[in-house]
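Input: a single structure, listed below in structure tokens.
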Amino acid sequence: MVCPTDFDKLDIKAYTLDKYVPAKVSEPMYIISSADDLDELKSTKHAQLQCSDLIWPFSRPGALPAEVPIKEVQILTEQDDETKEKCIMELIMEMQADSNYYQPGDTIGILPYNNSRDVQSLLQHMDLTNKSNSTFELQISPKCTKKTAKLPPYIPTHWTPFKLLRDCLNLHAIPKKQFLNSLANCCENTDEREFLSCLSSKEGSPSYNELILQRGLTLLQLMELCPSCKPTLEVLIEHLPRLLPRPYSIANSVISQEIKIIFSILAENPGVTTNMLKSLGMPFFKAKTPMELPKVVAYARHPSEFRFTSQEASENNHILIGVGTALAPFLGFLEKKEQLLTDGAYTSLGDTWLFAGAATEMSILHRENVLAFYSTGVLQRYFECLSRVPSAKYHYVQEQILANATELIEFLVQENTVLYVCADGGSVSKSIEKAIVECLARIQQITLEEALETIKTFKRNGKFREDLWL
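In case it helps, our numbering puts the sequence shown at residues 1033 to 1502.
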């Protein structure tokens, strides 16, 4: 458990108020008891797969999670501190399915593991190293006063502390005030207890907002700041949420059971799932002899309107807008369109425009393929924006959109043109939509309010389709 640099020197006394009203301590909800060892707990199978009644977010009917092999790994972009480029990786997995089950734009869910080093460190901090592989059972505490109390469906009836923390609980979740209050009662040190108790109080809200909501202090960092805090497994089970699957867009047209996903990895504090995928993928670059293929737990998510079928390709024109790894689904769109033209099933398809943004040319996902799509007529118009290249004519997608307002709006308002935007659900997607609204208002000579209502209508009738994430 390594605390970020700015937390290393944090003075907890500076965030402790002289006067505050401590939150009421609730009775424990769960109780843990030792159980007989079970053979199935010795397997490497993800613990959540042992929960038969578990709901998998947005899963297709009948699409249960399964362990699938990673067949190939490629680093598309190396991390570069100078240009602030992230490491971008591509994984190819083998997922069995009927023909046409997966279409470009569909997503899969990948169930992660917490980092084993974090888990071992936390177990050591809790003085549970010697019991990390012992079998336990969870029950409702007889002291629990909550009438609706239930056992968490994402925790097996029997488990070990190591598997519980590795597979079931989100160790990086934002700690809620009630959790901090429970942690305060697990501290032996008075200053640490006062610090956590104050953060959980109404009067301590400004400090909670700064440290927890803005700066992202997590349980693992709290343990660094408060070494005398020794929470029990019951406390963690009650307050930490489930470790959930993460969605990834399919980055290819699936014709041979192979599914590609593309993701970026933060240099500091990488996401749980991306960090796991990177760890699974790196041995591919070091192995000198054939290796046993690593596996991940994955499942098909329910499709949305953000998908590119043969019918969609033939009936409509398309404007595709994506930045960074958000270009991933559009690679599948273009690959699908190329296949349809090559197969000869269609003599002509709708026109396709692509607006692509990235830090540099090197970080445009499979740029050589995109340029090939353009040169062969799969892609009719290609607009490229490079944020970290000073000599680039356009640095951001919204600049390119505004510069081509007349052509863009004339193309967009055609009855059979569909706009696809893939971006984060924060500033990027809002900036793209704002630019389109401004173009619409300028070219059609209407107010911004009227243009915004037009965009809302486009979204309602499926003319404007988004794939957004946080």
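Note that the Cβ used here is the ideal one computed from N, Cα and C, for glycine as well. Note that the structure is a prediction, hence the values are computed from the model and not measured.
Proximity below 8 angstroms, CB of residue i to CB of residue j
{"i": "residue 1363", "j": "residue 1386", "result": "no"}
{"i": "residue 1212", "j": "residue 1219", "result": "no"}
{"i": "residue 1381", "j": "residue 1345", "result": "yes"}
{"i": "residue 1082", "j": "residue 1186", "result": "no"}
{"i": "residue 1415", "j": "residue 1436", "result": "yes"}
{"i": "residue 1089", "j": "residue 1277", "result": "yes"}
{"i": "residue 1438", "j": "residue 1351", "result": "no"}
{"i": "residue 1458", "j": "residue 1419", "result": "no"}
{"i": "residue 1313", "j": "residue 1105", "result": "yes"}
{"i": "residue 1367", "j": "residue 1493", "result": "no"}
{"i": "residue 1125", "j": "residue 1100", "result": "yes"}
{"i": "residue 1140", "j": "residue 1327", "result": "no"}
{"i": "residue 1119", "j": "residue 1353", "result": "no"}
{"i": "residue 1142", "j": "residue 1329", "result": "yes"}
{"i": "residue 1133", "j": "residue 1282", "result": "no"}
{"i": "residue 1189", "j": "residue 1068", "result": "no"}
{"i": "residue 1340", "j": "residue 1316", "result": "no"}
{"i": "residue 1369", "j": "residue 1384", "result": "yes"}
Cβ-based neighbour list, residue i, same chain, cut-off 7 angstroms, excluding 5 preceding and 5 following
{"i": "residue 1146", "result": "1197, 1198, 1203, 1275 and 1304"}
{"i": "residue 1052", "result": "1230, 1233, 1235 and 1236"}
{"i": "residue 1463", "result": "1430"}
{"i": "residue 1471", "result": "1433, 1434, 1437, 1440 and 1441"}
{"i": "residue 1117", "result": "1109, 1111, 1391, 1392 and 1395"}
{"i": "residue 1455", "result": "1354, 1355, 1358, 1461, 1464 and 1500"}
Counterpart residues of residue i in DSSP-defined beta bridges
{"i": "residue 1375", "result": "Bridge partners of residue 1375: none, in fact."}
{"i": "residue 1112", "result": "1117"}
{"i": "residue 1124", "result": "1104 and 1292"}
{"i": "residue 1350", "result": "1384 and 1450"}
{"i": "residue 1190", "result": "1169"}
{"i": "residue 1258", "result": "For residue 1258, which the question treats as bridged, DSSP gives no partner whatsoever."}
{"i": "residue 1328", "result": "1100"}
{"i": "residue 1355", "result": "1389"}
{"i": "residue 1143", "result": "1329"}
{"i": "residue 1278", "result": "1142"}
{"i": "residue 1283", "result": "DSSP output for residue 1283 lists no bridge partner at all."}
{"i": "residue 1134", "result": "Answer is none; residue 1134 lacks a bridge partner."}
{"i": "residue 1415", "result": "1387"}
{"i": "residue 1064", "result": "1170"}
{"i": "residue 1219", "result": "1261"}
{"i": "residue 1297", "result": "1119"}
{"i": "residue 1201", "result": "1274"}
Residues of its chain near residue i, where Cβ-Cβ distance is below 6 angstroms and the 5 sequence neighbours each way are ignored
{"i": "residue 1092", "result": "1332 and 1334"}
{"i": "residue 1034", "result": "With a pLDDT of only 38 at residue 1034, under the threshold of 50, the placement of this residue in the model should not be trusted, and no figure is reported."}
{"i": "residue 1308", "result": "1144 and 1145"}
{"i": "residue 1036", "result": "In this prediction, residue 1036 scores a pLDDT of 43, lower than 50, which makes its location untrustworthy; the coordinate-derived value is nonetheless stated afterwards. So the list is empty, once near-sequence residues are dropped."}
{"i": "residue 1477", "result": "none"}
{"i": "residue 1241", "result": "none"}
{"i": "residue 1177", "result": "1059"}
{"i": "residue 1181", "result": "1061 and 1172"}
CA nearest to the CA of residue i, picked from the options
{"i": "residue 1483", "options": "1465, 1112, 1195 and 1167", "result": "1465"}
{"i": "residue 1348", "options": "1451, 1479 and 1293", "result": "1451"}
{"i": "residue 1107", "options": "1396, 1078 and 1468", "result": "1396"}
{"i": "residue 1137", "options": "1359, 1462, 1187 and 1400", "result": "1359"}
{"i": "residue 1048", "options": "1438, 1105, 1232 and 1109", "result": "1232"}
{"i": "residue 1399", "options": "1355, 1433, 1153 and 1259", "result": "1355"}
{"i": "residue 1224", "options": "1248, 1193 and 1262", "result": "1262"}
{"i": "residue 1498", "options": "1101, 1096, 1361 and 1421", "result": "1361"}
{"i": "residue 1130", "options": "1119, 1095, 1057 and 1293", "result": "1095"}
{"i": "residue 1373", "options": "1391, 1343, 1495 and 1394", "result": "1343"}
{"i": "residue 1160", "options": "1192, 1180 and 1176", "result": "1192"}
{"i": "residue 1097", "options": "1109, 1078 and 1112", "result": "1078"}
{"i": "residue 1055", "options": "1485, 1245 and 1226", "result": "1226"}
{"i": "residue 1500", "options": "1248, 1357, 1109 and 1190", "result": "1357"}
{"i": "residue 1163", "options": "1150, 1194 and 1189", "result": "1194"}
{"i": "residue 1221", "options": "1238, 1257 and 1209", "result": "1257"}
{"i": "residue 1165", "options": "1076, 1379 and 1210", "result": "1076"}
{"i": "residue 1446", "options": "1495, 1210 and 1481", "result": "1495"}
{"i": "residue 1127", "options": "1238, 1293, 1151 and 1050", "result": "1293"}
{"i": "residue 1057", "options": "1179, 1123, 1217 and 1046", "result": "1217"}
Any non-hydrogen atom of the ligand GDP within 7 angstroms of residue i CB
{"i": "residue 1266", "result": "Because no ligand of any kind appears in the structure shown, any question about the ligand GDP cannot be addressed here."}
Own chain, CB closer than 8 angstroms to residue i, minus 5 neighbours either side, in chain order
{"i": "residue 1479", "result": "1473"}
{"i": "residue 1207", "result": "1215, 1244, 1249, 1250, 1251, 1254 and 1271"}
{"i": "residue 1087", "result": "1185"}
{"i": "residue 1151", "result": "1194, 1197, 1198 and 1203"}
Worksheet item: Does the region 1240 to 1257 come within contact of the region 1201 to 1218, defined as at least 3 CB pairs closer than 8 angstroms?
Response: yes
Discussion item. Under 8 angstroms: do the region 1062 to 1069 and the region 1283 to 1297 share three or more Cβ pairs, one atom per stretch?
Written reply: no
Worksheet item: With contact counted as at least three CB pairs below 8 angstroms, one residue from each stretch, are the region 1260 to 1274 and the region 1048 to 1062 in contact?
Response: Contact between the region 1260 to 1274 and the region 1048 to 1062 is present, because at least three Cβ pairs lie under 8 angstroms.
Worksheet entry | Cβ contact (3+ pairs, closer than 8 angstroms) linking the region 1487 to 1494 and the region 1160 to 1179 | no
Discussion item. Any contact between the region 1303 to 1323 and the region 1139 to 1158? By contact I mean 3 or more CB pairs, one from each, below 8 angstroms.
Written reply: yes
Worksheet item: Would you call the region 1426 to 1443 and the region 1466 to 1478 touching, i.e. three or more CB-CB distances under 8 angstroms?
Response: The region 1426 to 1443 vs the region 1466 to 1478: in contact.
Worksheet item: Just checking, does the region 1154 to 1161 make contact with the region 1313 to 1325 on the three C-beta pairs under 8 angstroms criterion?
Response: no
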